[in-house]
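Visitor:
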Amino acid sequence: MTPERRAKLTGVLSRRQPNLTVVMENVMDPHNISAVMRTCDAVGIQEIYILNNKIPPHKKWGAKSSSSAAKWLTIHQFTQAADCMAALRSRYSRIYTTHLATDAVGLYDIDFTQSVALVFGNEHAGVSDEIRAMADGNFIIPQMGIIQSLNISVACAVSIYEAFRQKKQAGHYDQPALGTEQMEQLLPLWGIYDEGGE
Numbered sequence: 242m243t244p245e246r247r248a249k250l251t252g253v254l255s256r257r258q259p260n261l262t263v264v265m266e267n268v269m270d271p272h273n274i275s276a277v278m279r280t281c282d283a284v285g286i287q288e289i290y291i292l293n294n295k296i297p298p299h300k301k302w303g304a305k306s307s308s309s310a311a312k313w314l315t316i317h318q319f320t321q322a323a324d325c326m327a328a329l330r331s332r333y334s335r336i337y338t339t340h341l342a343t344d345a346v347g348l349y350d351i352d353f354t355q356s357v358a359l360v361f362g363n364e365h366a367g368v369s370d371e372i373r374a375m376a377d378g379n380f381i382i383p384q385m386g387i388i389q390s391l392n393i394s395v396a397c398a399v400s401i402y403e404a405f406r407q408k409k410q411a412g413h414y415d416q417p418a419l420g421t422e423q424m425e426q427l428l429p430l431w432g433i434y435d436e437g438g439e
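Residue numbers (our numbering): 242 to 439.
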């Protein structure tokens, strides 16, 4: 790894946001998953969660994946909802699911300067009742059209770019947030991936 490339990778790692994550529950379309991963990388999310308890696990997004965005992310895969939620509870203060409910809060009312996990559901059924029962609440993206839903990758992009806006305004990208140990683990791994290019 050249000194220039090392400096670039270190700079990216220094802007990663460990108190923000995305959870995909039984998302089927690989293109949707890849799109979500690219957006997560773009806003500095390092760790994402994939729960597949109703569909087979996605093997191609494992730790050694060569998929363009997946190799820069830490991907946690679960086949049990309770295990996934327990892992989230140990890391994040608030867990919100996307769901059109009467008690749902608006996206712009969420305080993303706090520790937050956002759950996005299956393309057809949305977030399951099981996961919604274990979350802290639901949120909706304000919309003015007749069709009150967005493609999952679009919904995720809109949501985490609002998080990006709030966190940038609060100065969260101005100093490293990842722990030194995690940065030291990721940098050589990224260096290996980098040998194949972006």
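A virtual CB, placed ideally from N, CA and C, is assigned to each residue, including glycine.
Remember, predicted model here, so these are calculated numbers, not experimental data.
Bridge partners of PHE405, per DSSP?
Guide: Translated into positions along the sequence shown, residue 405 becomes position 164. Answer is none; PHE405 lacks a bridge partner.
Visitor: Give the single residue among THR338, ARG279 and GLN426 whose Cα lies nearest to the Cα of ALA376.
Guide: Stepping through the sequence shown from its first residue, residue 376 is reached at position 135. Of the candidates THR338, ARG279 and GLN426, the one whose C-alpha sits nearest the C-alpha of ALA376 is THR338.
Visitor: Can you tell me the Cβ-Cβ gap for SER369 and TYR333, rounded? I've got them flagged as a contact below 8 Å.
Guide: Looking up residue 369 in the sequence shown gives position 128. Looking up residue 333 in the sequence shown gives position 92. Rounded, the Cβ-Cβ distance is 19 Å, inconsistent with contact.
Visitor: Considering only the beta carbon of each residue, do LEU329 and VAL264 sit closer than 8 Å?
Guide: Reading the sequence shown from its first residue, position 88 is the one you call residue 329. Reading the sequence shown from its first residue, position 23 is the one you call residue 264. Yes, the pair counts as a contact, with Cβ atoms nearer than the cut-off.
Visitor: Which word fits THR421, buried or exposed, when buried means at least 16 other C-beta atoms lie within 10 angstroms of its C-beta?
Guide: For the purposes of this step, residue 421 is taken as residue 180 along the sequence shown, with counting starting at 1. It counts as exposed.
Visitor: Just verifying my parser: in three-state terms, what is the DSSP assignment at VAL268?
Guide: Numbered from 1 along the sequence shown, position 27 holds the residue referred to as residue 268. Looking at VAL268 - three-state DSSP - the assignment turns out to be coil, as it is neither helix nor strand.
Visitor: Do the region 255–262 and the region 410–424 make contact, defined as three or more Cβ pairs closer than 8 Å?
Guide: A contact exists between the region 255–262 and the region 410–424.
Visitor: Going by alpha carbons, who is nearest to ILE316 out of ILE289, PHE353, SER309 and LEU254?
Guide: Residue numbering aside, residue 316 sits at position 75 when the sequence shown is read from its first letter. Checking every option, the nearest Cα to that of ILE316 belongs to ILE289.
Visitor: Under DSSP, the beta strand (DSSP E) around LEU341 begins and ends at which residues?
Guide: Your numbering for residue 341 matches position 100 in the sequence shown. Looking at the DSSP string, LEU341 is not in any beta strand (DSSP E), and its letter there is neither H nor E.
Visitor: What number of angstroms, rounded off, separates the C-alpha of ARG335 from the C-alpha of HIS272?
Guide: Taking the sequence shown and counting its residues from 1, the one referred to as residue 335 is at position 94. Taking the sequence shown and counting its residues from 1, the one referred to as residue 272 is at position 31. Roughly 28 Å between the two C-alpha positions.
Visitor: Can you tell me which of the three DSSP states GLY362 falls into?
Guide: Translated into the one-based positions of the sequence shown, residue 362 becomes position 121. The answer is coil: DSSP assigns GLY362 none of H, G, I, E or B.
Visitor: Three-state secondary structure (DSSP) at GLY386?
Guide: What you label residue 386 is simply residue 145 of the sequence shown in a count that begins at 1. GLY386: coil per DSSP, three-state reduction.
Visitor: Run through the DSSP bridge pairs and tell me what THR315 is partnered with.
Guide: Position 74 of the sequence shown, counted from the first residue, corresponds to residue 315. Answer is GLU288.
Visitor: In its own chain, which residues sit with a C-beta less than 6 Å from the C-beta of ALA276, not counting the 5 before and 5 after it?
Guide: Numbered from 1 along the sequence shown, position 35 holds the residue referred to as residue 276. Once the five neighbours on either side are set aside, the close Cβ partners of ALA276 are SER394.
Visitor: Looking at MET424 and LEU314, is the spacing between their C-beta atoms short of 8 Å?
Guide: In the sequence shown, the residue the question calls residue 314 occupies position 73. In the sequence shown, the residue the question calls residue 424 occupies position 183. Result no, Cβ atoms of LEU314 and MET424 do not sit closer than 8 Å.
Visitor: Give every residue of the same chain whose Cβ lies closer than 6 Å to the Cβ of ASP432, excluding the five residues on either side of it in the sequence, and list them in chain order.
Guide: For the purposes of this step, residue 432 is taken as residue 191 along the sequence shown, with counting starting at 1. The sequence given here has Gly at residue 432, not Asp. Result list for GLY432: MET242, in chain order.
Visitor: Taking just the CA atoms, how far does GLU245 sit from LYS295?
Guide: For this step, residue 295 is matched to residue 54 along the sequence shown. For this step, residue 245 is matched to residue 4 along the sequence shown. If I take the Cα positions, the gap works out to 44 Å.
Visitor: Cα separation between GLN321 and ILE401?
Guide: Translated into positions along the sequence shown, residue 321 becomes position 80. Translated into positions along the sequence shown, residue 401 becomes position 160. Approximately 25 Å, taken between the alpha carbons.
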